[in-house]
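Reading through the structure tokens given below for one structure.
In full-length UniProt numbering, the protein residues as written are 1 to 648.
As structure tokens, this is what we get:
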């Protein structure tokens with residue numbers, strides 16, 4: 001069986017879990033589950049980074065032995081990850097005995113071969129980030145990463161000869177252009193290497209809470225050197241297993257720690273004559289209304305409280321609330337870039353994608369099986385051949401997106417399949433088939449829905465494992481590796497109707513209660529049982545509700561014809577195709593676009609706008625465009641989509 005090894009960064013023990021750390025771990029879990037769907041044996045690690053000066057100081061300030069403090073903190077991180085359904089193979093702590101042994105063995109080896117030497121450090125140090133900094137690194141005299149004050153440090157330390165590996169590292173990057181992703185992070189690191197690398201301190205003489213340097217009892221190993229080695233510990237460094245489990249296929253990290261992972265760690269491995277990881281992916285940050293989340297701004301999202309609030313207000317159990325959060329985090333934005341968190345968007349995704357689209361498809365399918373069971377029993381359950389090809393194509397394209405860590409794109413393609421199935425119900429009109437006694441046609445229709453749901457349930461498992469299991473339980477079909485989806489039929493057992501609604505639609509009063517709870521938390525007031533959730537949103541009088549948004553139907557349309565409206569300088573008349581329907585739209589874009597040149601292009605329209613006449617022409621919709629000063633740009637999809645495709 002093929003093996004796949006991926007890691008998250010390990011998290012500072014005295015940081016409280018927040019949306020950023022949770023989203024990284026959920027993304028890694030998504031990848032791990034996807035690789036298992038491909039039939040691979042996955043080694044997946046996450047954990048806590050527990051040695052540092054700030055941990056030592058925090059424990060002292062709390063009046064606790066540092067061992068007790070770290071054990072309690074690590075347990076809280078692990079408990080949250082378990083609650084989120086993280087399917088890790090190992091939760092590693094840097095205080096684990098096997099890890100400390102590996103750190104000392106590597107440190108000793110590098111020292112013995114001359115890659116670590118004793119020297120003096122005189123410069124700046126950030127305790128918050130446990131980072132040595134050059135004068136040129138500082139921003140207005142402060143740490144460039146966290147923005148806090150730095151302190152001047154003078155001490156005798158051991159140094160790693162990073163400069164020795166500058167040319168070798170640069171050659172590696174040039175030979176492996178996909179080593180660090182996204183490309184912007186790769187280019188950043190190449191520029192850093194070309195700018196020249198300096199030897200780095202790898203020990204501290206003033207910090208006692210750390211891995212002891214094996215040959216010098218007055219020194220402890222620098223926290224970052226210690227932390228990076230956790231990946232080798234997980235893979236079984238020093239054991240027979242290391243040969244098969246190393247190197248890592250993927251290190252998933254935040255964009256703020258690329259230099260450690262993309263420069264120092266590869267150089268350490270080169271010095272140890274060990275293979276380098278195959279890929280390092282640096283993701284962006286979750287922001288709040290364009291600002292980085294921070295305790296001082298009061299906009300940090302507490303994932304545990306958010307899950308509890310979702311569960312309480314929507315009336316779903318916690319595993320389903322977890323999956324709703326997982327879906328939102330994986331569906332919003334492009335992975336690798338910064339993304340804005342919005343509680344309104346979270347609830348909109350729940351109502352539209354989960355309740356309206358997927359939940360409605362499941363409920364209608366189950367109800368039809370119950371209603372038409374007598375007519376289809378004994379009929380072969382063979383799906384439509386035309387849609388069988390769509391199922392296969394969707395599986396292939398979604399897999400490609402997941403492999404490239406484009407979670408949102410893969411989920412979007414999955415929902416296109418959901419929408420095709422929903423539309424098929426309206427087009428086939430199964431109630432009419434039943435009325436005329438077309439048992440074969442009815443069986444084909446229901447078999448197509450059943451097969452489609454089987455595919456969808458398996459495709460969403462990496463993102464929403466609980467939802468996937470419950471979908472499969474409802475349609476009485478198995479969880480399988482994706483290669484089985486390519487050949488194995490859906491089976492002959494018929495599902496039963498269910499009174500359970502998988503995704504109960506969020507009502508306006510629930511939305512208001514949810515947002516009010518977040519505002520109460522932010523302002524420090526309390527509102528009874530709803531005072532516990534995190535400050536994930538702020539309500540003002542200009543905001544609209546989810547139901548307001550749901551009223552607007554946005555669709556993809558293809559322009560069939562275009563001409564200017566006589567006696568005007570900016571109006572154009574477009575004939576567009578929206579699904580099976582053709583419409584006329586009049587738009588004021590004539591100063592920016594030649595209407596004839598737009599023929600064949602796809603645009604976004606408001607499909608349920610009240611018609612109105614412009615220059616005597618009935619306009620049956622409105623196209624969407626963005627403008628800035630004298631510039632205008634039509635909103636168009638990045639890839640060609642079916643006419644009439646819904647926009648969520």
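By construction, the Cβ of each residue, glycine as well, lies at the ideal position given by its N, Cα and C atoms. Remember, it's a predicted structure, so these values are computed and weren't measured experimentally.
Going by the beta-carbon positions, is the gap between residue i and residue j smaller than 8 Å?
| i | j | result |
| --- | --- | --- |
| residue 125 | residue 150 | yes |
| residue 329 | residue 87 | no |
| residue 159 | residue 205 | no |
| residue 66 | residue 209 | yes |
| residue 586 | residue 617 | yes |
| residue 110 | residue 276 | no |
| residue 466 | residue 147 | no |
| residue 197 | residue 162 | yes |
| residue 113 | residue 214 | no |
| residue 49 | residue 26 | no |
| residue 220 | residue 98 | no |
| residue 383 | residue 447 | yes |
| residue 313 | residue 510 | yes |
| residue 450 | residue 381 | yes |
| residue 460 | residue 394 | no |
| residue 455 | residue 391 | yes |
| residue 178 | residue 5 | no |
| residue 30 | residue 407 | yes |
| residue 40 | residue 90 | no |
| residue 375 | residue 439 | yes |
| residue 207 | residue 53 | yes |
| residue 590 | residue 612 | no |
| residue 166 | residue 193 | yes |
Look at the alpha carbon of residue i and the alpha carbon of residue j, and state the distance between them as a whole number of angstroms.
| i | j | result |
| --- | --- | --- |
| residue 154 | residue 120 | 7 Å |
| residue 424 | residue 342 | 33 Å |
| residue 370 | residue 452 | 18 Å |
| residue 368 | residue 360 | 12 Å |
| residue 495 | residue 479 | 15 Å |
| residue 561 | residue 419 | 27 Å |
| residue 533 | residue 347 | Here residue 533 scores only 34 on pLDDT, less than 50, and its place in the model is too uncertain to base an answer on. |
| residue 483 | residue 96 | 38 Å |
| residue 556 | residue 17 | 40 Å |
| residue 441 | residue 417 | 21 Å |
| residue 356 | residue 583 | 26 Å |
| residue 577 | residue 644 | 8 Å |
| residue 542 | residue 626 | Legend: pLDDT at residue 542 = 39, less than 50; position of this residue unreliable, value from coordinates given subsequently. Roughly 21 Å separates the two Cα atoms. |
| residue 7 | residue 580 | 48 Å |
| residue 457 | residue 634 | 35 Å |
| residue 607 | residue 575 | 14 Å |
| residue 362 | residue 353 | 13 Å |
| residue 588 | residue 646 | 24 Å |
| residue 142 | residue 596 | 57 Å |
| residue 73 | residue 431 | 58 Å |
| residue 411 | residue 398 | 7 Å |
| residue 266 | residue 191 | 16 Å |
| residue 527 | residue 304 | Because the pLDDT at residue 527 is just 32, under 50, the model does not fix this residue reliably, and the value given afterwards should be weighed accordingly. Spanning the two alpha carbons is a distance of roughly 19 Å. |
| residue 476 | residue 553 | 34 Å |
| residue 658 | residue 332 | Since the displayed the chain opens at 1 and closes at 648, residue 658 lies outside it and no answer follows. |
| residue 10 | residue 321 | 25 Å |
| residue 339 | residue 292 | 10 Å |
| residue 365 | residue 33 | 27 Å |
Can you tell me the Cβ-Cβ gap for residue i and residue j, rounded? I've got them flagged as a contact below 8 Å.
| i | j | result |
| --- | --- | --- |
| residue 350 | residue 506 | 6 Å |
| residue 227 | residue 94 | 6 Å |
| residue 280 | residue 253 | 7 Å |
| residue 641 | residue 614 | Their Cβ separation, rounded to whole angstroms, is 27 Å, which puts residue 641 and residue 614 out of contact at 8 Å. |
| residue 504 | residue 316 | 7 Å |
| residue 75 | residue 46 | Going by Cβ atoms, the distance from residue 75 to residue 46 rounds to 14 Å, so no, they are not a contact pair. |
Quickly, what does DSSP pair residue i with across the bridge? List them, please.
| i | result |
| --- | --- |
| residue 649 | Outside the shown range of the chain (1 to 648) lies residue 649, about which nothing can therefore be said. |
| residue 212 | 220 |
| residue 581 | 578 |
| residue 335 | 337 |
| residue 427 | DSSP, once it has assigned bridges, lists no residue as partnering residue 427. |
| residue 287 | 292, 340 |
| residue 49 | 12 |
| residue 41 | 3 |
| residue 254 | 283 |
| residue 200 | 160 |
Could you check whether the Cβ of residue i sits closer than 7 Å to any heavy atom belonging to the ligand SAM?
| i | result |
| --- | --- |
| residue 174 | Ligands in the displayed structure: none, and consequently the ligand SAM is not present. |
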